[in-house]
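J.: Provided herewith is a single structure, encoded as structure tokens, for subsequent inquiry.
Protein chains: 2
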Amino acid sequence: MTDRGNAGDGLDVVTVGNALVDVLSTTTDDFLDAQGLAKGGMALIDAARAADLYGQTGPGTEVSGGSAANTAVGVASLGGRGAFIGRVRDDTLGEVFAHDIRAAGVHFETAPATRGAPTGRCLILVSPDGERTMNTFLGAAAELHADDVSPNLVGAAAVTYLEGYLFDQPDAKAAFRHAAHAAHSAGRRVALSLSDTFCVERHRLDFLALVEHDVDVLFANDSELCALYETPTFDDALGLVVRHCEVAAVTRAAAGSVVVGREGLVEVPAAPVTQVVDTTGAGDLYAAGFLVGYTRGYALRRCGELGAVAAAEVISHLGARPERPLGELAAALLQ
Amino acid sequence: MTDRGNAGDGLDVVTVGNALVDVLSTTTDDFLDAQGLAKGGMALIDAARAADLYGQTGPGTEVSGGSAANTAVGVASLGGRGAFIGRVRDDTLGEVFAHDIRAAGVHFETAPATRGAPTGRCLILVSPDGERTMNTFLGAAAELHADDVSPNLVGAAAVTYLEGYLFDQPDAKAAFRHAAHAAHSAGRRVALSLSDTFCVERHRLDFLALVEHDVDVLFANDSELCALYETPTFDDALGLVVRHCEVAAVTRAAAGSVVVGREGLVEVPAAPVTQVVDTTGAGDLYAAGFLVGYTRGYALRRCGELGAVAAAEVISHLGARPERPLGELAAALLQ
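Protein sequences appear in the order of chains W and R.
The opening residue of the first sequence carries number 17 in the numbering used here; numbering runs sequentially from there.
The opening residue of the second sequence carries number 17 in the numbering used here; numbering runs sequentially from there.
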């Protein structure tokens, strides 16, 4: 397997986010309650809390993760040209992360940090119903600086995709804004994922300003969109977001997604899944499918359908990256 | 999750083997051919070859492994009291290994090495038919010495189980013999797994002497048993092994297993599996189930059936340790 992406060749999507290795283990709702963890959410934790929590969880499975990184892998799996920008440390987990994302065909050139915190990891507790609760020790991922965002890389990609989780670190926030400006300066599009309801609440005003001025394609789930606009109903939030973005794709779990944009409002059903094993990565892979369609100029419905197929594959197994080539699963939609 | 095993309380099974973290990735038979890898076998590789091979394989999943360690986890999952002896390094993968085996309820006290090679890993290439081909960089696992084998721990366990792979290292071989003698001195039983046909061929005379003089319970598959005795037929090999061991349990993949011992010859069918995803750990978990029955004094047929149920669970998913509590799956057999 070789690194297929080449910044010089032109890219479909470059994603910017936290470079993390996921540590997945199964849990019970009682354990989440006892630990005070909000089911379905993402909490930032420090090294001491990470060690404490890890010590109390069951046997784990380590797989490369990170929201925006998962999206880049999904883009490549669908046959798109993807790149990722994010920071690991020069340690074993950093090598694992770099190996896995390159082996998936994603261009990845961010230099590993040579000192400071170790490669970041996300302790993901999967409940019996497949819902995941995430506890992130950012580690080296928080070292991402504006200098890591190469204007050449961003300028070479049709879309630069940013994960909202980056807003939890001041330096990463600067890198985030730098990337958005570089993309627009090159006449490219900027996409944003709101990532998490709690993340939206922590940074609501920042996100609002960004959505109003800098974001062309917005990804969110229904809760995150309502949290952003503080509206009582989903329809109210949709009415506001269409004023600000060229297109917004809003997922609603088993109810599928709603896309608003140049073609009005399109409702897209979820793709069938035999058994939901682990919802980690559902939103990341939806965004991957959607963006592959978007960069090819497909109708919004087909973009949403590509997102639905990609999300359905990733929730049918443990881990947030596709196990089967998505290009084969979505072949009928990619023609 | 806490370490449930306590050497002072009496143990059912202590296993001794290579402490490894598995790196699982999917492959094609063409890739195995191009790399000169014998499908279904285990090859020992050095650090340089490990890095080279890893660089050519697809995205991986890291899960704790090691043949005898998997068996100890299977024993605990079935409600038995299990312990493991094996060496990791004081690095990230070593922490992962120690966390996972303790979280599975296995007593594990071997001190990590503080210098020398990193924690060992096994690159496992899984073919589309579920067969696995293993490439092991032993690392710190090869540092296991006779001093690591506590006579108290071995003396506290009804059975001491040794994996044949240990014979690939002179120091580990000495630890192996030390463990067998300590067990017998305490009036306990010694079990051995032949591990791999190539491993048997590398150490045939050593294994023969051990089986004749020191092994009470032998685990092998049909190929390994024929390789040990250099017999043309499986029946010839069975005729020889009954002269040497109290009991031999020989697996034959989808054809189930044959157990020979005090009750004569018993044929045990394989347990049903919907889809074979990854055969890694099948033999390890068969041994776990068998030994739980054996230490409870069950009839050989029921011991074999417990092995079959445990093996069926582990081959139905990626990874060599059970994902579901085996005690629940095998409840009817454990009464």
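All residues carry an ideal CB built from backbone N, CA and C; glycine is no exception.
These numbers were taken from a predicted model, which means no experiment stands behind them.
By the criterion of Cβ-Cβ separation under 7 Å, what are the contact partners of arginine 337 (chain R) in chain W?
T.: Neighbours of arginine 337 (chain R) on chain W, chain order: Pro75.
J.: Does tyrosine 70 (chain W) get closer than 8 Å to chain C when you measure Cβ to Cβ?
T.: Although the question refers to chain C, the structure presented lacks it and instead comprises the protein chains W and R.
J.: Using the C-alpha atoms, what's the distance from glycine 71 (chain R) back to aspartate 38 (chain R)?
T.: Rounded to whole angstroms, aspartate 38 (chain R) to glycine 71 (chain R) spans 16 Å at the Cα level.
J.: Give the DSSP-derived three-state secondary structure of arginine 205 (chain R) in the structure shown.
T.: Arginine 205 (chain R) falls in the strand class under three-state DSSP.
J.: Cutting at 8 Å between CB atoms, please list the residues of its own chain near aspartate 28 (chain W), excluding the five before and the five after it.
T.: For aspartate 28 (chain W), where only same-chain residues beyond five positions count, the Cβ hits under 8 Å are Val91, Gly96, Arg97, Gly98, Ala173, Ala174, Val175, Leu307, Val308 and Thr311.
J.: Using a beta-carbon distance cut-off of less than 7 Å, what residues from the stretch 93-120 of chain R approach chain W?
T.: Residues Asp107, Thr108, Leu109, Val112, His115, Asp116, Ala119 and Ala120.
J.: Any idea if alanine 336 (chain R) is buried or exposed, counting beta-carbon neighbours within 10 angstroms, 16 or more meaning buried?
T.: Alanine 336 (chain R) comes out buried.
J.: Measure the alpha-carbon distance for glutamate 279 (chain W) versus alanine 346 (chain R) and round it to whole angstroms.
T.: Near 56 Å, if we compare the C-alpha coordinates of alanine 346 (chain R) and glutamate 279 (chain W).
J.: List the residues of chain W that serine 80 (chain R) touches, going by C-beta distances under 7 Å, in chain order.
T.: By Cβ distance, chain W contributes Pro75.
J.: Quick check on the burial criterion: 16 or more other C-beta atoms within 10 angstroms. Buried or exposed for histidine 161 (chain R)?
T.: Exposed: under 16 other Cβ atoms inside 10 Å.
J.: According to DSSP, is alanine 172 (chain W) part of a helix, a strand, or is it coil?
T.: Here alanine 172 (chain W) sits in helix by DSSP.
J.: Serine 332 (chain R) and glutamine 291 (chain R) - do their beta-carbons sit closer together than 8 Å?
T.: Yes; because the gap between Cβ atoms is below 8 Å, this pair is in contact.
J.: What three-state label does DSSP hand arginine 20 (chain W) in the structure shown?
T.: For arginine 20 (chain W), the pLDDT reaches just 37, beneath the cut-off of 50, and the residue's location in the model is therefore unreliable, leaving the point undetermined.
J.: According to the neighbour-count rule (16 or more other Cβ atoms, all chains shown, within 10 Å of its Cβ), is glycine 299 (chain W) buried or exposed?
T.: Glycine 299 (chain W) comes out buried.
J.: I'd like to confirm the pairing. Which residues does DSSP put opposite asparagine 237 (chain R) in its beta bridges?
T.: DSSP, once it has assigned bridges, lists R:Thr267 as partnering asparagine 237 (chain R).
J.: Please report the residue range of the alpha helix (DSSP H) in which glycine 71 (chain R) lies.
T.: It spans 63-72 - the alpha helix (DSSP H) in which glycine 71 (chain R) sits, taken as one unbroken run.
J.: Serine 166 (chain W) to leucine 316 (chain W), Cα distance in whole Å?
T.: If you take the alpha carbons of serine 166 (chain W) and leucine 316 (chain W), they lie about 30 Å apart.
J.: Compare the Cα-Cα distances from threonine 296 (chain R) to each of R:Val32, R:Gly52 and R:Val79 and report the closest residue.
T.: Answer by Cα proximity: R:Val79.
J.: Assign serine 201 (chain R) to one of two classes, buried (16 or more other C-beta atoms within 10 Å of its C-beta) or exposed (fewer than that).
T.: It counts as exposed.
J.: Checking the sheet assignment: what are the DSSP bridge partners for glycine 98 (chain W)?
T.: For glycine 98 (chain W), which the question treats as bridged, DSSP gives the partners W:Val29.
J.: Just the C-alpha distance for valine 104 (chain R) and asparagine 151 (chain W), rounded to the nearest angstrom, thanks.
T.: Their backbone Cα atoms lie some 27 Å apart in a straight line.
J.: Tell me whether the stretch 49-58 of chain R and the stretch 188-207 of chain R touch, counting them as touching only if at least three CB pairs, one residue from each stretch, are closer than 8 Å.
T.: Because the criterion of three Cβ pairs below 8 Å is not met, the stretch 49-58 of chain R and the stretch 188-207 of chain R do not touch.
J.: How many angstroms separate the CA atom of phenylalanine 183 (chain W) from the CA atom of leucine 334 (chain R)?
T.: For phenylalanine 183 (chain W) and leucine 334 (chain R), the distance between alpha carbons rounds to 35 Å.
J.: What runs of the beta strand (DSSP E), each 3 residues or longer, lie entirely inside the stretch 124-170 of chain W?
T.: Entirely contained in the stretch 124-170 of chain W, the beta strand (DSSP E) runs reaching 3 residues are, in chain order, 136-142 and 148-153.
J.: Ignoring anything shorter than 3 residues, give me the beta strand (DSSP E) runs that lie fully in the stretch 287-323 of chain R, in order along the chain.
T.: Fully enclosed beta strand (DSSP E) runs of 3 or longer: not present.
J.: Is the beta carbon of valine 275 (chain R) sitting closer than 8 Å to the one on valine 257 (chain R)?
T.: Not a contact, by the Cβ cut-off of 8 Å.
J.: Do the CB positions of alanine 198 (chain W) and glycine 136 (chain W) come within less than 8 Å of each other?
T.: Contact: no.
J.: Should valine 284 (chain R) and cysteine 261 (chain R) be called a contact, given that it needs their Cβ atoms to be closer than 8 Å?
T.: Contact flag unset, no.
J.: If leucine 350 (chain R) and alanine 327 (chain R) are in contact, beta carbons under 8 Å, what's the gap, nearest whole angstrom?
T.: Between alanine 327 (chain R) and leucine 350 (chain R) the Cβ distance is about 16 Å, and since that is not below 8 Å, they are no contact.
J.: What whole-angstrom Cβ distance do leucine 178 (chain R) and alanine 196 (chain R) have, given they're in contact under 8 Å?
T.: With a Cβ gap of about 7 Å, leucine 178 (chain R) and alanine 196 (chain R) count as contacting.
J.: If you measure from the CB of glutamate 321 (chain R), is any heavy atom of the ligand SAM nearer than 7 Å?
T.: Absence of the ligand SAM from the depicted structure is noted, as is the absence of any ligand whatsoever, leaving it without description.
J.: What is the rounded straight-line gap between the Cα of threonine 267 (chain R) and the Cα of proline 144 (chain R)?
T.: Taking the straight line joining both Cα atoms gives about 22 Å.
J.: Determine the extent of the alpha helix (DSSP H) in which glutamate 217 (chain W) is found, giving its start and end residues.
T.: Start and end: 213-218.
J.: Can you grab the Cα-Cα spacing for the pair glycine 76 (chain W) / glutamate 321 (chain R), in whole Å?
T.: Distance between the alpha carbons of glycine 76 (chain W) and glutamate 321 (chain R) is about 28 Å.
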